[in-house]
Structures are given as structure tokens and as C-alpha cells.
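Step one of this worksheet: look at the structure below.
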């Protein structure tokens, strides 16, 4: 009898917990991170001596069957959060030169002003913001204009990648049939 009462009490308690738990729905634009040095977390576990220089945290929207650039998704001439959901975050763990301009170590928001022939990358002091709705140009640290490259094959999800260069890294942002490159040196 005691076993049955214990079992019944366990089932009731477990079902109350299960009914109370409400999980957030899966986001359509998953969060991603890129590091320099490239793949830093796994390199750190392996004992790398190279210091962490930067990290980018961003959400990756999908193209689907939509027109991306020059549309209401990413209009030309309007500041874009360079991703989805929260504005893209750039963490510099050391002083850097971005497009030849000195930027001190710190946490920033990375925006883009998208045009038909070029993008202007914007490093801004305001952090922890949703989209570009509260973008304030007075808080810009620097702006760097980069020519776009037309891609032969479309990229389904917005992708930000880092390519090692001579004195640092090139941040390459690509989506749909367009990419733009921002040089960063240390």
C-alpha cells in the first residue's frame, strides 16, 4: 500500500512540474559566435598560448524565398543590426585598428549601412539593444566603408566569418548573393 501511495504521489508531483514548465520556442534566427583566433574555445582547451583578440555574437536570419537587400528586410540607406533580434555584438579583448582607425578594447555593437555598391560598417558604443531602433550616431566609434562582392551562389543564412590576414583578421559578412569585408588588425 505504501508503495502505491508513494508512486501516486510521485506521478502527481512530476505531472505538476511538467505542466508548469514552459519552454521558449525555438528561434528562427539562431544565435552564433565567431572568435579570433579562429575556433578559440577548442584551441584554449588544447592549450593554445595565443590570446583571445575578438568575439562576435550575432543572430543568423534565413533568406527563405525573400528578397533581402533593397527590401523591407534590409533597406538600402538604413542602418541595419547586421543580423536579427539583438544587435550584433563585437567584443574586442585588445586594442585594434578597424579599417585603419584605432578602436580601444571593449564591447561594442556592430551595425551596417547597406548600399547597392558598398556597405558601411559602424562600430557603436551602445550595447544590449534590440535591432537598430535606438541607434544613435553620436555613439559611433568608427565607420568603415567596404565594397561589396557579388557571390555566384546564394548564402541561405547570414554568415559572419573571420579570415586570418597578415596583421590580424578580415571580418567577412555574407548573405544572399552579397558579401562585404572589414579589415581588423592588432
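Residue numbers (this note's numbering): 258 to 443.
Backbone N, C-alpha and C fix where the C-beta goes; we use that ideal spot for every residue, glycine too.
Given the structure is predicted, the values throughout are model-derived calculations rather than measurements.
Helix, strand or coil for residue 368, going by three-state DSSP, please let me know. strand
Would you mind stating whether residue 405 and residue 431 have Cβ atoms separated by less than 7 Å? no
Chain-order list of residues whose beta-carbon lies under 7 Å from that of residue 396 (same chain, five-residue window excluded): 381, 382, 383
Given this structure, state the Cα-to-Cα distance separating residue 323 from residue 334, to the nearest angstrom. 19 Å
Three-state secondary structure assigned by DSSP to residue 300: helix
Rounding to the nearest angstrom, what Cα-Cα distance links residue 366 and residue 408 in this structure? 26 Å
Using 7 Å as the threshold, is the C-beta distance between residue 401 and residue 439 below it? yes
What distance in whole Å lies between the Cβ atoms of residue 311 and residue 293, which are believed to be in contact at a cut-off of 8 Å? 5 Å
Along the chain, where does the beta strand (DSSP E) containing residue 290 start, and where does it finish? 288 to 293
Reducing DSSP to helix, strand and coil, say where residue 308 ends up. coil
Beta-carbon proximity list for residue 389, same chain, < 7 Å, skipping 5 on both sides: 336, 337, 338, 344, 368
Contact belief for residue 285 with residue 433 at Cβ below 8 Å, rounded distance in angstroms: The Cβ separation is near 17 Å, so there is no contact.
Taking buried to mean at least 16 other C-beta atoms within 10 Å of its own C-beta, is residue 415 buried or exposed? buried
Please go through the same chain and pick out, in chain order, the residues whose beta-carbon is closer than 6 Å to the beta-carbon of residue 287, but skip the five residues on each side of it. 317
Paired residues, beta bridge with residue 402 - DSSP: 377
Under the three-state DSSP convention, the category residue 264 falls into: Any reading at residue 264 must be qualified, since the residue scores a pLDDT of 48, below 50, and its modelled position is unreliable; the value itself is stated next. Correct three-state label for residue 264: helix.
Out of curiosity, what's the CA-to-CA distance linking residue 350 and residue 295? 14 Å
Three-state class that DSSP yields for residue 394 in the structure shown: helix
Quick one: grab the DSSP three-state call for residue 388. coil
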